[in-house]
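Chemist: For the sequence shown, the residue numbers in full-length UniProt numbering are 1 to 412.
Ideal Cβ positions, reconstructed from N, Cα and C, are used throughout, including at glycine.
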Amino acid sequence: MKNKAKLIYILSFIGIILFPSFFILAQEDQQTQAEKDVVDQYSQEINQKENYIDQLSQEINELQDKISAKRSEIVNLNNQLAILSNQVKKIELDIELNETRIEQLELEIKRLNELIKRAEKKITENQIQLAQFIQLIWRNSQKSYLEILLVNDSFSDFFDELNQAKQLQENVQKTVGQLRQRREELENNKEDVEIAQADLSANNELLTQLEVDLTERLGLQQNVLTTTRQSESEFQKEVARLRLEQQQINAEIATLERRVREELQRREAVERFKTFGPAKFIWPVPSRYITAKFHDPDYPFRHIFEHPAIDIRAGQGTPIKAAESGYVARAKDAGLGYSFIMIIHNDGFSTVYGHVSKIFVTEDQFVTQGDIIGLSGGTPGTPGAGNLVTGPHLHFEVRKDGIPVNPAQYLP
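1. Measuring alpha carbon to alpha carbon, tell me which of Tyr410, Leu200 and Ala119 ends up nearest Ile102.
2. For Pro407, which residues from the same chain have a beta carbon less than 6 Å from its beta carbon, with the 5 sequence-adjacent residues on both sides left out?
3. So what does DSSP say about Phe13, is it helix, strand or coil?
4. Measure from the C-beta of Glu397 to each C-beta in chain B and report whether the shortest distance is under 8 Å.
5. Helix, strand or coil, according to DSSP, for Leu411 in the structure here?
6. Would you list the one or two residues that DSSP bridges to Gly374?
7. Would you report the Cα separation of Pro277 and Asp54, rounded to the nearest angstrom?
8. Taking only the alpha-carbon atoms, compute the straight-line gap between Tyr410 and Lys280 and give it to the nearest angstrom.
9. Quickly, what does DSSP pair Pro404 with across the bridge? List them, please.
10. Taking 8 Å as the cut-off, does the stretch 376-388 touch the stretch 311-322 (at least 3 CB pairs, one atom from each stretch)?
11. Helix, strand or coil for Ile341, going by three-state DSSP, please let me know.
12. Consult DSSP for Ala69 and reduce its assignment to one of helix, strand or coil.
13. So which of Asn86, Glu45, Gln80 and Lys49 has the shortest CA-CA distance to Glu62?
14. Could you check whether the stretch 112-119 touches the stretch 175-190, counting it as contact only if at least three pairs of C-beta atoms, one from each stretch, sit closer than 8 Å?
15. Per DSSP, Lys332 is paired with what?
16. Roughly how many angstroms lie between the CA atoms of Ala254 and Lys66, to the nearest whole one?
17. Tell me the DSSP secondary structure of Phe366 in three-state form.
18. Distance, Cα to Cα, Asp94 vs Glu211?
19. Taking C-beta to C-beta, are Val389 and His303 nearer than 8 Å?
20. Between the Cα of Leu225 and those of Leu77, Lys400 and Leu214, spot the shortest distance and give me the residue it belongs to.
21. Note the first and the last residue of the continuous beta strand (DSSP E) segment covering Val352.
22. Might you give, ordered along the chain, the residues of its own chain that have their beta carbon closer than 6 Å to the beta carbon of Phe155, omitting 5 neighbours on each side?
23. May I ask you to report which of helix, strand or coil DSSP gives His393?
24. Note down, in chain order, each residue of its chain lying with its Cβ closer than 6 Å to the Cβ of Gln221, except the 5 sequence neighbours on either side.
25. Return the CA-CA distance between Ala82 and Gln48, expressed in angstroms with no decimal places.
26. With a threshold of 16 other CB atoms inside 10 Å of the CB of Gln127, please say whether the residue is buried or exposed.
27. Looking at C-alpha atoms only, which residue of Tyr289, Arg183 and Glu185 is the closest neighbour of Asn203?
28. Quick check on this structure: which residue in Leu130, Gln104, Gln248 and Asp364 has the alpha carbon closest to the alpha carbon of Glu262?
29. Residues in the same chain with beta-carbon distance under 7 Å from Ala119, minus the five sequence neighbours each way, listed in chain order, please.
30. Exposed or buried, Lys36, counting other C-beta atoms within 10 Å across all chains shown (16 or more means buried)?
Okay, structure coming up:
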């Protein structure tokens with residue numbers, strides 16, 4: 001009887017220890033369902049945002065097709081105004097799409113944080129269960145097989161208790177496996193949150209840039225109306241004048257490069273280039289936001305000339321760095337006209353920095369990569385801006401053997 005009472009005590013002890021685990025599991029089911037509902041709600045809203053993004057993308061593509069179709073038509077005032085109008089609408093849709101993407105990312109971060117909270121809670125529960133199982137195993141390990149045999153009335157009871165010990169060990173292994181899996185899920189979700197937060201920051205920055213794009217394109221639209229006085233003949237005169245101006249600038253740059261390279265060759269100054277090795281360029285301003293690409297089909301002045309550069313957004317007065325070491329071939333201060341700096345580099349390369357508001361170098365001066373050569377400009381009506389501007393930026397050209405090439409292919 002004494003042994004049987006002892007066995008009843010042990011089984012009761014096991015029941016008392018295990019009962020909270022079953023209670024936790026029952027309570028966990030209710031809480032898990034509530035948490036699942038919250039996560040599902042976030043997922044549903046995220047999918048709705050994704051569908052709206054797809055719709056906006058389709059509208060943007062349709063507008064781009066309209067712009068391309070208009071661009072293939074004859075250059076006249078009505079077509080140019082239609083192109084600008086559609087470009088304004090496209091930027092507005094780009095802004096709306098970006099705002100929706102920001103909302104989607106914010107929802108995704110909330111969803112992931114909910115999953116993290118759930119995983120942390122389950123990990124705590126697993127740790128509690130594991131501690132209980134280990135405590136039971138430790139208590140049972142204090143008894144030898146002989147002691148277990150003596151406290152049981154039959155071999156059947158003896159083997160039952162051994163099976164219970166084996167079941168405890170299996171539960172420990174299962175709980176450890178769940179714990180490992182949930183910790184992995186937790187780490188993965190935390191990494192996903194970091195990625196989503198980085199994407200959110202990038203999209204907020206893009207939204208700021210798009211809003212500036214919209215302001216500049218609206219300003220250009222108004223400028224075309226003001227300059228031409230809505231007259232086709234005035235528009236054609238302005239186009240002819242700007243084309244001639246651009247042709248003169250290109251001819252000046254090409255002539256200068258040939259002349260300066262010949263002069264450097266006579267002076268054997270090119271030997272100095274060789275000490276620097278192959279030409280490698282750096283970004284001339286801190287910004288990496290390109291407002292107009294090389295030969296950009298959406299370049300606002302494409303009806304006048306093909307864009308031979310990239311335009312990098314830079315606030316008025318941003319310091320400009322020499323993208324590579326070389327000799328200053330031209331440092332042209334044109335007053336309110338188009339001011340630019342041209343530098344001759346090794347390997348047949350040259351760079352042009354346009355719409356500069358201030359120039360810090362002189363012609364024939366040798367500059368080292370990273371030297372500040374001037375300040376950016378581009379705000380309409382300010383020194384160095386010239387005519388073909390919509391807002392502050394740096395016009396940056398890379399030329400190879402005198403021919404404009406895509407700067408983006410040479411920048412890190």
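Modeler: This is what the structure gives:
1. Against the sequence shown, residue 102 aligns to sequence position 102. For the residues Tyr410, Leu200 and Ala119, the minimum Cα distance to Ile102 belongs to Leu200.
2. In the sequence shown, residue 407 corresponds to position 407, counting from 1. Within the same chain, Pro407 has close Cβ partners Ile310, Phe396 and Val398.
3. Looking up residue 13 in the sequence shown gives position 13. Unreliable positioning characterises Phe13 in this predicted model, as indicated by a pLDDT of 45, which lies under 50. A coordinate reading is not provided.
4. The structure shown contains no chain B, having only a single protein chain.
5. For this step, residue 411 is matched to residue 411 along the sequence shown. Coil at Leu411, not helix or strand.
6. Translated into positions along the sequence shown, residue 374 becomes position 374. In the DSSP output, where bridge partners are listed per residue, Gly374 has Ile320 and Ile359.
7. If you number the sequence shown from 1, residue 277 lands on position 277. If you number the sequence shown from 1, residue 54 lands on position 54. What sits at residue 277 in the sequence shown is Gly, not Pro. Whole-angstrom Cα-Cα distance: 48 Å.
8. As a first step, residue 410 is located in the sequence shown; it is residue number 410 there, counting from the start. As a first step, residue 280 is located in the sequence shown; it is residue number 280 there, counting from the start. Using only the alpha carbons, I get a separation of about 7 Å.
9. Numbered from 1 along the sequence shown, position 404 holds the residue referred to as residue 404. Pro404 pairs with Arg399.
10. yes
11. As a working mapping, residue 341 is identified with position 341 in the sequence shown. Ile341: strand per DSSP, three-state reduction.
12. Working through the sequence shown from its first residue, we reach residue 69 at position 69. Helix, per DSSP.
13. What you label residue 62 is simply residue 62 of the sequence shown in a count that begins at 1. For the residues Asn86, Glu45, Gln80 and Lys49, the minimum Cα distance to Glu62 belongs to Asn86.
14. Yes, the stretch 112-119 is in contact with the stretch 175-190.
15. Numbered from its first residue, the sequence shown carries residue 332 at position 332. Under the DSSP definition of a beta bridge, Lys332 partners with Phe340.
16. Working through the sequence shown from its first residue, we reach residue 254 at position 254. Working through the sequence shown from its first residue, we reach residue 66 at position 66. Taking the straight line from one Cα to the other gives about 36 Å.
17. In the sequence shown, counting from the first residue as 1, residue 366 sits at position 366. Here Phe366 sits in strand by DSSP.
18. Sequence index remark: in the sequence shown, residue 94 carries index 94 (1-based). Sequence index remark: in the sequence shown, residue 211 carries index 211 (1-based). About 10 Å.
19. Your numbering for residue 389 matches position 389 in the sequence shown. Your numbering for residue 303 matches position 303 in the sequence shown. Result no, Cβ atoms of Val389 and His303 do not sit closer than 8 Å.
20. Numbered from its first residue, the sequence shown carries residue 225 at position 225. Closest option to Leu225, Cα to Cα, is Leu77.
21. Translated into the one-based positions of the sequence shown, residue 352 becomes position 352. Note, Val352: beta strand (DSSP E), Phe349 to Gly354.
22. Along the sequence shown, read from residue 1 onward, the residue named residue 155 stands at position 155. Model confidence at Phe155 stands at a pLDDT of 43, short of 50, so the residue's coordinates are unreliable and nothing is read from them.
23. Residue 393 sits at position 393 when you count from the first residue of the sequence shown. Correct three-state label for His393: strand.
24. Against the sequence shown, residue 221 aligns to sequence position 221. These residues qualify, in order along the chain: Leu84.
25. Residue numbering aside, residue 82 sits at position 82 when the sequence shown is read from its first letter. Residue numbering aside, residue 48 sits at position 48 when the sequence shown is read from its first letter. Roughly 33 Å separates the two Cα atoms.
26. As a working note, residue 127 is residue 127 in the sequence shown. Counting Cβ neighbours within 10 Å, Gln127 comes out exposed, since fewer than 16 surround it.
27. Translated into positions along the sequence shown, residue 203 becomes position 203. The residue among Tyr289, Arg183 and Glu185 with its C-alpha nearest the C-alpha of Asn203 is Tyr289.
28. Here residue 262 refers to the residue found at position 262 of the sequence shown. From the listed residues Leu130, Gln104, Gln248 and Asp364, the smallest Cα separation to Glu262 is found for Asp364.
29. For the purposes of this step, residue 119 is identified with residue 119 of the sequence shown, where counting begins at 1. Counting only Cβ-Cβ distances below 7 Å, and skipping sequence neighbours, we find Arg182, Glu185, Leu186 and Asn189.
30. Position 36 of the sequence shown, counting from 1, holds the residue named residue 36. It counts as exposed.
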